[in-house]
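Sequences listed follow chains A and B, in order.
In terms of our numbering, the first sequence opens at residue 49 and continues consecutively.
In terms of our numbering, the second sequence opens at residue 49 and continues consecutively.
Cβ atoms here follow ideal geometry from the backbone N, Cα and C, with glycine treated the same way.
Quick notes on the structure that follows.
There are 2 protein chains.
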Amino acid sequence: MINTLYLPELREMLATQNVHEIKEFTVALHPARTAEFMEGLTPHEAWQLLSHADEPQRLEVFSYLTPPAQLEICENEDRDQIARLLANLASDDRVDLFQQLKPETQEDLLRRIPVADRREIQRLSQYPEGTAGAMMTADVARLSESLSVRDAFDELSRQAEMFETIYYLYVVDSENHLRGVVSARQLVAAMRRPNTTMRELMETKLVTVEATEDQEEVANRVAKLDLLAIPVVDHEHHMLGIITHDDVIDIVHDEAVEDAQRQAGVEPLNDSYIRINLWTLGWKRGIWLTILFFGGILTAVALKSYDGQLHAWKWLIPFIPLVISSGGNSGSQSAALVITALTRGDIRRNDWWRVAYRELAIGGMLGLGLGIFGLMLTYFFSGAPGVYESMVVPLTLVVVVMVGTFIGAMLPLLFHRFGFDPALMSNPFVAGIVDILGIVIYMNVAFVLLSGIG
Amino acid sequence: MINTLYLPELREMLATQNVHEIKEFTVALHPARTAEFMEGLTPHEAWQLLSHADEPQRLEVFSYLTPPAQLEICENEDRDQIARLLANLASDDRVDLFQQLKPETQEDLLRRIPVADRREIQRLSQYPEGTAGAMMTADVARLSESLSVRDAFDELSRQAEMFETIYYLYVVDSENHLRGVVSARQLVAAMRRPNTTMRELMETKLVTVEATEDQEEVANRVAKLDLLAIPVVDHEHHMLGIITHDDVIDIVHDEAVEDAQRQAGVEPLNDSYIRINLWTLGWKRGIWLTILFFGGILTAVALKSYDGQLHAWKWLIPFIPLVISSGGNSGSQSAALVITALTRGDIRRNDWWRVAYRELAIGGMLGLGLGIFGLMLTYFFSGAPGVYESMVVPLTLVVVVMVGTFIGAMLPLLFHRFGFDPALMSNPFVAGIVDILGIVIYMNVAFVLLSGIG
Numbered sequence: 049m050i051n052t053l054y055l056p057e058l059r060e061m062l063a064t065q066n067v068h069e070i071k072e073f074t075v076a077l078h079p080a081r082t083a084e085f086m087e088g089l090t091p092h093e094a095w096q097l098l099s100h101a102d103e104p105q106r107l108e109v110f111s112y113l114t115p116p117a118q119l120e121i122c123e124n125e126d127r128d129q130i131a132r133l134l135a136n137l138a139s140d141d142r143v144d145l146f147q148q149l150k151p152e153t154q155e156d157l158l159r160r161i162p163v164a165d166r167r168e169i170q171r172l173s174q175y176p177e178g179t180a181g182a183m184m185t186a187d188v189a190r191l192s193e194s195l196s197v198r199d200a201f202d203e204l205s206r207q208a209e210m211f212e213t214i215y216y217l218y219v220v221d222s223e224n225h226l227r228g229v230v231s232a233r234q235l236v237a238a239m240r241r242p243n244t245t246m247r248e249l250m251e252t253k254l255v256t257v258e259a260t261e262d263q264e265e266v267a268n269r270v271a272k273l274d275l276l277a278i279p280v281v282d283h284e285h286h287m288l289g290i291i292t293h294d295d296v297i298d299i300v301h302d303e304a305v306e307d308a309q310r311q312a313g314v315e316p317l318n319d320s321y322i323r324i325n326l327w328t329l330g331w332k333r334g335i336w337l338t339i340l341f342f343g344g345i346l347t348a349v350a351l352k353s354y355d356g357q358l359h360a361w362k363w364l365i366p367f368i369p370l371v372i373s374s375g376g377n378s379g380s381q382s383a384a385l386v387i388t389a390l391t392r393g394d395i396r397r398n399d400w401w402r403v404a405y406r407e408l409a410i411g412g413m414l415g416l417g418l419g420i421f422g423l424m425l426t427y428f429f430s431g432a433p434g435v436y437e438s439m440v441v442p443l444t445l446v447v448v449v450m451v452g453t454f455i456g457a458m459l460p461l462l463f464h465r466f467g468f469d470p471a472l473m474s475n476p477f478v479a480g481i482v483d484i485l486g487i488v489i490y491m492n493v494a495f496v497l498l499s500g501i502g
Numbered sequence: 049m050i051n052t053l054y055l056p057e058l059r060e061m062l063a064t065q066n067v068h069e070i071k072e073f074t075v076a077l078h079p080a081r082t083a084e085f086m087e088g089l090t091p092h093e094a095w096q097l098l099s100h101a102d103e104p105q106r107l108e109v110f111s112y113l114t115p116p117a118q119l120e121i122c123e124n125e126d127r128d129q130i131a132r133l134l135a136n137l138a139s140d141d142r143v144d145l146f147q148q149l150k151p152e153t154q155e156d157l158l159r160r161i162p163v164a165d166r167r168e169i170q171r172l173s174q175y176p177e178g179t180a181g182a183m184m185t186a187d188v189a190r191l192s193e194s195l196s197v198r199d200a201f202d203e204l205s206r207q208a209e210m211f212e213t214i215y216y217l218y219v220v221d222s223e224n225h226l227r228g229v230v231s232a233r234q235l236v237a238a239m240r241r242p243n244t245t246m247r248e249l250m251e252t253k254l255v256t257v258e259a260t261e262d263q264e265e266v267a268n269r270v271a272k273l274d275l276l277a278i279p280v281v282d283h284e285h286h287m288l289g290i291i292t293h294d295d296v297i298d299i300v301h302d303e304a305v306e307d308a309q310r311q312a313g314v315e316p317l318n319d320s321y322i323r324i325n326l327w328t329l330g331w332k333r334g335i336w337l338t339i340l341f342f343g344g345i346l347t348a349v350a351l352k353s354y355d356g357q358l359h360a361w362k363w364l365i366p367f368i369p370l371v372i373s374s375g376g377n378s379g380s381q382s383a384a385l386v387i388t389a390l391t392r393g394d395i396r397r398n399d400w401w402r403v404a405y406r407e408l409a410i411g412g413m414l415g416l417g418l419g420i421f422g423l424m425l426t427y428f429f430s431g432a433p434g435v436y437e438s439m440v441v442p443l444t445l446v447v448v449v450m451v452g453t454f455i456g457a458m459l460p461l462l463f464h465r466f467g468f469d470p471a472l473m474s475n476p477f478v479a480g481i482v483d484i485l486g487i488v489i490y491m492n493v494a495f496v497l498l499s500g501i502g
């Protein structure tokens, strides 16, 4: 929710051009909080405010503004000032922002940005969205192997402000091949042996990613090894940059949102729900809804083929949605459990049989439970019919729930086995397949139990 | 999948007690990789191997073993050795592991652990699972305000090995109240002014969490501010410990899994899918399945009340599942989109109207799309009936999809408004509600269109 607490004061300061108070406001709080209090301002007002702030504060607060506000500022405000701002932003944030600008703006800004930064933006822009290369920052401390601990400290104390992180120091050879890593902790611990070289100190068991690898892979590796940052290299092991822990948290968040959307049968939005264009949203939902609709037509075809039977035993009709949704719901549960277990690495390739066995056992248990409720239901609901009649719904529930759990668990495993994203087996998709089977099972159970007495 | 590449060699080394080779194996790779290669061994074999390793390697590799393997080792292996291992583990990991041991084992081990560590385990165990206190580590560098940069470095180089992180140094007063923070980067940058005190250097705009706050809140704060670690304080602002970035990544993962399970109508497992007890799993699924089942009974009641109508226009029957699942699917989509938007903070309190408007617009769009397919369908499928007949399914689809999207979006917002977890509005739950409405809409549309010509 937008924090409007200081909004009148901020507007007042702007109106009266009270530079002293504005400066005070920009240094008083953590820059993220400052940015929060500014959310109620228009991007133009926010920029006016920031242009009175000192440059470090301006940069910090700007980096915490919402992405749409940042974009609007870059598009509309004074180009020279924006270019200076961009030149000082962290290189990974900068390139993300940059790629969303209009081509004319990009070109105009690039001309005003110092040549080294310009080259870096262009280099980072090469990597496709979603790869390690597109996420990395090039602001990283590189040291040569022959540097002593004393010299390394000297070097760092000169450059510490420039880097996004100095918690790992990367040791490279003269051709920029990554040779090792020294943590700030190791360096501090080695302070009493100031002549030790980086070569002696460095850890050579390196975990790296290649620039073209998928961001999800990067997040998994960093999370598994509890790293603060992971170096990004090319295929010849040249040091290109690093990806830091905060980017990894963002990736984990994004991937979770993507999975949740996919699970509900929505193509991942890759954008804010409230901002995305309605036509795009319609497309991302419509495509799956249509696929599911055509699946639904099959249930209609199936039901139509049992016309005669439904006419003979009309009391079966009201239970159709109940029976098929019980199968669909238990199938969705199994699918979600297997998909989350796969992402967490809880299930391994040789666990197939174990999963199948567990799902059938659980399916039997749940089916029996629902079956007992179903028995009471048909008994009271259908006005005490014969023994065979009252067994139709309960028996169908047992079979449908077992089939639902089994299929719900196996489909994502199958997808995973063939290298697809198991989350594509969305809940509505599993439910759709189980719906059709549910009708077939229901009608066949009814036929077997009732045809003798029909 | 279990890596069995070195399994024969590892077993060979153990059989021949080849201590030299074992030591070599434990230092050759990153400890996480070493642990991976050991996954095929039994916990007892793994521990035998580790007991030949040097103590630092033993500790590191142990900390990367899977939690069940760690537990089994702690329960079954030599208590004195385990106590020594536990005394050196990071304090947050240790307490997690400790709390899962059998009470007898806990007691026995506590007696063998040095008193300072014992007190800390007992203190951290006080905080309930899921709070900041239960996640924090107490291994944190605390400095006094009057310390100079030079002395701080001296202090750190003596103690660097003891702490989980030295990237933030916390400044406390004589009564352990948290006063400020100095980053390793600031300290390094200040090296050329070695007499500066911590009081001058420290940042006093602190972001903290209280020990009793929820872990999800902690994760949000750390992710929003891109912190490496966040200090944990009590209500009097005493410094208790810190929570580090790697724990935050774990929280984000866990919360995503919980949400995905809730979305599919499963009570969050809080355990591995493959290890959880079948009865527990049955309960966590059964409770929701039963609730949904009783919702399903209402669809049966609704359908039964339209008996006469369904008898008069039998051709309506096969389309029942199609019509209601179209509503349910579009409702699930909306619910998932709104829930993910709420967790990401994309929707704010005053966005209600905007969400309602967008959902109705999208619902109309999608409903019209499906309606057109439905028109073609009934036309061909029902053997070219009259104009009124062929309008029933299409018109129902338009209304049902609009109602589905609207309700799917509004229910999670309503839950959120009243302080409940919006993810409780699971997809099957939304679908269940929309199912009943779908039947009512279908039957009423049919009645209006057909009663004149019936």
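Residue i, enclosing beta strand (DSSP E) - first and last residue
| i | result |
| --- | --- |
| B:SER192 | 188–192 |
| B:MET287 | 287–292 |
| A:SER231 | 226–231 |
| B:ILE278 | 277–281 |
Closest by C-alpha distance to residue i, when choosing among the options
| i | options | result |
| --- | --- | --- |
| A:SER353 | B:TRP361, B:ILE365, B:ALA350, B:LEU358 | B:ILE365 |
| B:GLY456 | B:ARG392, B:VAL447, B:PHE428, B:GLY375 | B:GLY375 |
| A:GLU261 | A:ARG166, A:ALA180, A:LEU157 | A:ALA180 |
| A:GLY178 | A:GLU265, A:THR292, A:ALA271, A:ASN66 | A:GLU265 |
| A:ASN325 | B:ILE387, B:VAL403, B:ALA267, B:THR292 | B:VAL403 |
| B:TYR175 | B:ASP144, B:ALA83, B:THR347 | B:ASP144 |
| A:ASP319 | A:THR114, A:ALA348, A:GLU248 | A:THR114 |
Rounded straight-line distance, which links the Cα of residue j to that of residue i
| i | j | result |
| --- | --- | --- |
| A:MET458 | B:ILE322 | 14 Å |
| B:MET491 | B:LEU351 | 9 Å |
| A:ALA232 | A:ALA389 | 36 Å |
| A:VAL451 | A:GLU407 | 9 Å |
| B:MET424 | B:MET439 | 10 Å |
| A:ARG127 | A:ARG106 | 16 Å |
| A:TRP336 | B:LEU58 | 50 Å |
| B:VAL300 | A:ASP394 | 17 Å |
| B:ALA387 | A:ARG269 | One point to set straight first is that residue 387 of chain B is Ile, not Ala, in the sequence displayed. So the two alpha carbons sit approximately 28 Å from each other. |
| A:LEU55 | A:ALA83 | 12 Å |
| A:LEU89 | A:ASN66 | 17 Å |
| A:ASP483 | A:ILE345 | 11 Å |
| A:LEU195 | A:ALA304 | 43 Å |
C-beta atoms of residue i and residue j nearer than 8 Å
| i | j | result |
| --- | --- | --- |
| B:VAL236 | A:LEU204 | yes |
| B:LEU497 | B:TYR436 | yes |
| A:ILE169 | A:ARG142 | yes |
| A:ILE70 | A:ALA101 | yes |
| A:ILE278 | A:ILE297 | no |
| B:SER373 | A:GLY480 | yes |
| A:GLY411 | A:VAL441 | no |
Boundaries (first-last residue) of the alpha helix (DSSP H) holding residue i
| i | result |
| --- | --- |
| B:ALA384 | 368–392 |
| B:ILE365 | Taken as a continuous stretch (DSSP letters only), B:ILE365 belongs to no alpha helix (DSSP H), as it is neither H nor E. |
| A:ALA94 | 91–99 |
| B:ILE489 | 475–498 |
| A:HIS464 | 435–465 |
Local Cβ density within 10 Å of residue i, reported as buried at 16 or more and exposed below that
| i | result |
| --- | --- |
| A:SER382 | buried |
| A:TYR218 | buried |
| A:ARG159 | exposed |
| A:TRP401 | exposed |
| A:GLY486 | buried |
| B:GLY356 | exposed |
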